[in-house]
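Peer 1:
Residue numbers (this note's numbering): 72 to 429.
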């Protein structure tokens, strides 16, 4: 059976997720056990669309929101970065009718300006009773200098506004940025460059043939995957499939996005290896196929070394990883497209691809 024409929101074992969410809890330990069970369940089953907002809040650790505090962040009007925000928001998922029918540009502008207000409080370290300071203290964050609004954050914010109310989306998005990937939104996008370097390293470890072929064509991850890394794959449609990938990513870890991209390469591996100009196939990645990508990602995780997995898990918030990745990776400069590259796909990837194609 093809995996392309199925509504996974409706057919993937949603009752197990519902059962976990309706458990009664007596203490914090039982709550954490249920969240752990929820994470485990979402590694192989989808999140029902109508429960996605609640699930995302639980997985992100967003347990407290306040409309009053959110409104307080907006009362002073636009921030100094409002112009930059406005230049980006109008094109956010503009071709997705479900998104444009449910999320307005004004919602995006408000939420991103509120985020800037909170970040200004972090940078200035003003200890007063301002709304920004109150909200800041509610967020679980890594203190990173020079964190700001950067182009592409509008795309990261969009899915939160589709899955959650505006106030909940603000808290979820802010937690995601401050706690999960603060290095991705520095002006230098240090975390994004770390992610790209790790993508190359992971691809070399998991599929050296494809890695060598692409490098032989002067193609590194920076050539074809910058937008996918920067936006956690939100730059590739359809949005409905992205939401399912994010369900899995929030359950297992933000670093899964690097492996999502490798999984997408694996799904078109034959075409890439047979193409004299593979860059033409990667200028725009094929539409997302959540189930196929998740199945492959599960296999990729099992074949990743613990050390490399640890670097992936930490690179978006731990500056030590970017320092460690300053060493240049090696490439096979003698690799040519005439080499036999079509019969040595790693066995674990063969099995995974076979499973998603039936």
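Positions of the beta carbon are idealized from the N, C-alpha and C atoms, including for glycine.
Here the structure is a predicted model, which means the values were calculated and not measured.
At the level of alpha carbons, what is the spacing between residue 387 and residue 312?
Peer 2: 23 Å
Peer 1: Mapping DSSP to helix, strand and coil, what is residue 402?
Peer 2: Note that residue 402 has pLDDT 32, beneath the 50 cutoff, so the model's placement of it is unreliable and the number below is only indicative. Residue state, collapsed to three classes: coil.
Peer 1: Using the Cα positions of residue 283 and residue 218, report the straight-line distance between them to the nearest angstrom.
Peer 2: C-alpha separation (whole angstroms): 35 Å.
Peer 1: Let me know the secondary structure DSSP gives residue 159 once reduced to three states.
Peer 2: helix
Peer 1: Taking 7 Å as the limit between beta carbons, can you name the residues of its chain near residue 368, skipping five residues before and five after?
Peer 2: 327, 330, 331, 334
Peer 1: Closest to residue 370 by CA distance: which of 114, 352, 96, 95 is it?
Peer 2: Selection 114, 352, 96, 95 evaluated against residue 370 yields 114 as nearest (Cα-Cα).
Peer 1: Check this for me: beta carbons of residue 291 and residue 318, under 8 Å apart or not?
Peer 2: Not in contact: residue 291 and residue 318 (Cβ atoms no closer than 8 Å).
Peer 1: Excluding the 5 residues preceding and the 5 following residue 324 in the sequence, name in chain order all residues of the same chain whose CB lies nearer than 7 Å to its CB.
Peer 2: The residues are 384.
Peer 1: By the three-class DSSP mapping on this structure, what secondary structure does residue 359 have?
Peer 2: Shown here, residue 359 sits in coil according to DSSP, grouped into three states, outside any helix or strand.
Peer 1: With a 10 Å radius around its C-beta and 16 neighbouring C-beta atoms as the bar for buried, classify residue 174 as buried or exposed.
Peer 2: buried
Peer 1: Within 10 angstroms of its Cβ, does residue 138 collect 16 or more other Cβ (buried), or is it exposed?
Peer 2: exposed
Peer 1: Where does residue 141 fall in DSSP's three states?
Peer 2: helix
Peer 1: Taking residue 276 and residue 376 to be in contact with their CB atoms under 8 Å, please state how far apart those CB atoms are, rounded to whole angstroms.
Peer 2: Rounded, the Cβ-Cβ distance is 7 Å, consistent with contact.
Peer 1: Going by C-alpha distance, which of 185, 162, 124, 122 is nearest residue 151?
Peer 2: 185
Peer 1: Is residue 161 closer than 8 Å to residue 176 when the C-beta atoms are compared?
Peer 2: yes
Peer 1: Can at least three beta-carbon pairs, one atom from the segment 302-312 and one from the segment 226-235, be found at a separation below 8 Å?
Peer 2: yes
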